[in-house]
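Colleague: In our numbering, the protein residues as written are 960 to 1241.
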Amino acid sequence: MLTVTTKSDLRQALQKIRLSDEKIGLVPTMGNLHEGHLRLVRAALAERQYTVATIFVNPLQFGKNEDLKNYPRSLESDKSLLEETGCDLLFAPDNSEMYGSAGSIKTSTIVPSLAQNHCGKTRPKHFEGVATVVTKLFNLILPHHAYFGLKDFQQYRIIEQLIADLDFTIQLHGLPIVREDSGLALSSRNSNLSSKQRLIAPALFQQLQQTAKLIQQGNQEFRKVEKDAKHSLKAKGMMPDYFNICDARSLELASHNDKELVILAAAFLGDVRLIDNVTLKI
Ligand code: PAF
């Protein structure tokens, strides 16, 4: 695997690939890789794409009081994991390579209607930061395919919209959430959970499943169901941030006419913020 840290080395490496017939597959990450990320890489490799992973803990998507400093970083072991999968290229820039000297970036990508609720309510600039860095990565790498995990469902929808609105000719792939046996969705942040918190954390997915079951059984009192779910999470020791039953396309709170739903949830365990979701058709 070739590792590059500068945009010029990245462009140079990819220029050769673009002259061949090979398609480029991109897997953007913030590192501390787990099986969920590796499946994205393997999916690109399985399609015989020249596979580019990126590792960049993007400061633009963290709020002032968020966990940028404590975000788990493990570049050396990430590199080994990527090597093992057969990934072709790793782009791992630092902040000044990505954004120039502090604060010099003046442009941002915003997808307002999809970004203002759910995670966007608690983390107001988060999706602007995500969409901006993803736009930059798309422009730098010019991939034919891009792979994202569906654990970040809202992020996925925003990137889908961004690709359509800004005319990127990129095929987007959303891969299913990878879970531990306990049901807990794999996340880089799980490594910040204490052993006690790890025992509580699966409650989030259990609650999502129970709520999905209630809806499948015909309960359409969505706002009451959401409220009950939050109470139940609190009783189990989690501090719910939101628990919203939504239309899976618009991400607006669902009404009785909506048939394709997603239940989006986020909850804190101490300082660790976990997110998860389930989709369902009624
Ligand atoms: O999902 C993530 O890890 C990040 O939000 C992403 C897409 C790599 C942008 O920094």
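Every residue, glycine too, gets a C-beta built ideally from N, C-alpha and C.
Residues near the ligand PAF, CB to any non-hydrogen atom under 6 Å, in chain order?
Modeller: Those residues, listed in chain order, are 987, 988, 989, 1017, 1020, 1089, 1092, 1093, 1111 and 1114.
Colleague: Counting Cβ pairs, one atom from each stretch, are 3 or more of them under 8 Å apart for the region 1214-1222 and the region 1088-1099?
Modeller: The region 1214-1222 is not in contact with the region 1088-1099.
Colleague: Counting C-beta neighbours from all protein chains within 10 Å, is the total for residue 964 16 or more, i.e. buried, or is it exposed?
Modeller: Burial call: exposed.
Colleague: What number of angstroms, rounded off, separates the C-alpha of residue 1185 from the C-alpha of residue 1110?
Modeller: Distance between the alpha carbons of residue 1185 and residue 1110 is about 19 Å.
Colleague: State the start and end residues of the unbroken alpha helix (DSSP H) segment that holds residue 1091.
Modeller: Its alpha helix (DSSP H) spans residues 1085-1100.
Colleague: Which residues share a DSSP beta bridge with residue 1198?
Modeller: DSSP lists 1227 as partners of residue 1198.
Colleague: Enumerated in chain order, which unbroken segments of the alpha helix (DSSP H) with a length of 4 residues or greater are wholly contained in the region 1109-1188?
Modeller: Runs found: 1112-1124, 1154-1159 and 1162-1175.
Colleague: What does DSSP give as the partner residue(s) for residue 1107 in the beta ladder?
Modeller: According to DSSP, residue 1107 bridges with 1133.
Colleague: Taking 7 Å as the limit between beta carbons, can you name the residues of its chain near residue 1018, skipping five residues before and five after?
Modeller: Taken in chain order, the residues that qualify are 1027 and 1054.
Colleague: Report back the beta-carbon spacing between residue 1248 and residue 1199 to the nearest angstrom; my notes put them in contact at under 8 Å.
Modeller: Because the chain is modelled from 960 through 1241, residue 1248 falls outside the range shown and cannot be assessed.
Colleague: Assign residue 1146 to buried or exposed, taking buried as 16 or more other Cβ atoms, counted over all protein chains shown, within 10 Å of its Cβ.
Modeller: So residue 1146 ends up on the buried side.
Colleague: Return the bridge partner residues of residue 1012 from the DSSP annotation.
Modeller: Looking at the DSSP assignment, residue 1012 forms a beta bridge with 986 and 1049.
Colleague: Cα-Cα, which of 1238, 1228, 1120 and 1095 is closest to residue 1175?
Modeller: Ranking 1238, 1228, 1120 and 1095 by Cα distance to residue 1175 puts 1238 first.
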